[in-house]
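Engineer: Got a structure for you, questions after.
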């Protein structure tokens, strides 16, 4: 995929486990440094994204470090209600329930345990 | 595309112009609120991403507000050197020049004028 986001997190190894459970993601690639820091490429719903332990010295900050996130992920799935429920069951926090929006999407929003936000929806 | 990042920025209308120039992005969708705030979906290199004006009240923070970014974009292109040069010519700041990396990629990194970081490269 020509553009793939790389999410900076704390506890990268745990984050990879979470994303697998929450979004049915498959691990396409993973390297683990001797100190436990992880860089992984995951695939979910046919798209790729990366997860890596933060490295503030290299300007890679986790949401926990900055107190918020500067990009959210828009995840388009056939059944947003089921995907939202699965993410919450895996440990994500509901931010907005799945509802029909006036702009023609059915969408909800969760925050994952690492501080990244996901909009889970589909065009109506 | 099932997963697309939505980048929060200040000066969203300017950001859309920048991404068009820097990454040859096409505007697939744009709405502009009466106050000038923008939500746009762009397509570059066959992938989609979103750009929207930040809204800290809704937990959408720009890198300028937080002092860093929590996700970087990995842009895979056939000619990273040319794409890097184009982004810099459009106003991006070089962070790391395009070089061959030991993990088998030719890649460089820029920061855009809105604080988001892009890794521009390809597997060797």
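Residue numbers (this note's numbering), protein chains in the order written: chain E, 1358 to 1481; chain W, 1358 to 1481. Beta carbons: idealized from backbone N, C-alpha and C, even for Gly. Remember, it's a predicted structure, so these values are computed and weren't measured experimentally.
1) Under a Cβ-count criterion, where at least 16 other Cβ atoms within 10 Å of its own Cβ denotes burial, should residue 1474/E be classed as buried or exposed?
2) Report the option in 1396/E, 1370/E and 1412/E whose CA atom is closest to the CA atom of residue 1406/E.
3) Is residue 1480/E closer than 7 Å to residue 1403/W when the C-beta atoms are compared?
4) Identify every residue that forms a DSSP beta bridge with residue 1386/E.
5) Between residue 1463/E and residue 1457/E, which are expected to be in contact by the criterion C-beta below 8 Å, what is the C-beta distance as a whole number of angstroms?
6) Give the residues of chain E in contact with residue 1407/W, contact being defined as C-beta atoms less than 7 Å apart.
7) At a CB distance below 9 Å, what residues from the region 1365-1391 of chain W approach chain E? Give them in sequence order.
8) Taking 7 Å as the threshold (beta carbon to beta carbon), is residue 1427/W in contact with chain C?
9) Using beta-carbon positions only, say whether residue 1434/W and residue 1440/W come within less than 7 Å of one another.
10) According to DSSP, is residue 1436/W part of a helix, a strand, or is it coil?
11) In or out: residue 1410/W buried (at least 16 other Cβ within 10 Å) or exposed?
12) Determine the extent of the alpha helix (DSSP H) in which residue 1414/E is found, giving its start and end residues.
13) Quick check on residue 1471/W: buried or exposed, where buried means 16 or more other Cβ atoms within 10 Å of its Cβ?
14) When the Cα atoms are used, what is the spatial distance from residue 1408/E to residue 1416/E?
15) Along chain E, in chain order, which residues have C-beta atoms closer than 8 Å to that of residue 1441/W?
16) At the level of alpha carbons, what is the spacing between residue 1380/E and residue 1443/E?
17) Go ahead and label residue 1365/E buried or exposed: buried means 16 or more other beta carbons lie within 10 angstroms of its beta carbon, across all protein chains shown.
Structural biologist: So, from the data block:
1) As a first step, residue 1474/E must be located in the first chain, where it is residue number 117. Buried is the call here.
2) Here residue 1406/E refers to the residue found at position 49 of the first chain. Residue 1396/E is the option with its Cα nearest to residue 1406/E.
3) Here residue 1403/W corresponds to residue number 46 of the second chain, with the count starting at 1. Here residue 1480/E corresponds to residue number 123 of the first chain, with the count starting at 1. No, the pair does not count as a contact, with Cβ atoms beyond the cut-off.
4) Working through the first chain from its first residue, we reach residue 1386/E at position 29. Note: residue 1386/E sits in a beta bridge opposite 1398/E.
5) For the purposes of this step, residue 1463/E is identified with residue 106 of the first chain, where counting begins at 1. For the purposes of this step, residue 1457/E is identified with residue 100 of the first chain, where counting begins at 1. Contact flag correct, Cβ pair sits at about 5 Å.
6) The count along the second chain starts at 1 and reaches residue 1407/W at position 50. 1431, listed in chain order.
7) 1365, 1366, 1380 and 1388
8) Of the protein chains in the structure, E and W, none is chain C.
9) Against the second chain, residue 1434/W aligns to sequence position 77. Against the second chain, residue 1440/W aligns to sequence position 83. Contact: yes.
10) Looking up residue 1436/W in the second chain gives position 79. Residue 1436/W falls in the coil class under three-state DSSP.
11) By one-based count along the second chain, residue 1410/W stands at place 53. Burial call: buried.
12) Here the question's residue 1414/E lines up with position 57 in the first chain. It is not in any alpha helix (DSSP H) - residue 1414/E carries neither H nor E in the DSSP assignment.
13) For this step, residue 1471/W is matched to residue 114 along the second chain. Per the 10 Å Cβ criterion, buried.
14) As a working note, residue 1408/E is residue 51 in the first chain. As a working note, residue 1416/E is residue 59 in the first chain. When rounded, the distance between both Cα atoms is 15 Å.
15) Mapped onto the second chain, residue 1441/W falls at position 84. Chain E residues near residue 1441/W: none, gap ~15 Å exceeds 8 Å.
16) In the first chain, counting from the first residue as 1, residue 1380/E sits at position 23. In the first chain, counting from the first residue as 1, residue 1443/E sits at position 86. Distance between the alpha carbons of residue 1380/E and residue 1443/E: 7 Å.
17) The residue you call residue 1365/E lines up with position 8 of the first chain. Residue 1365/E is buried by the Cβ-count criterion.
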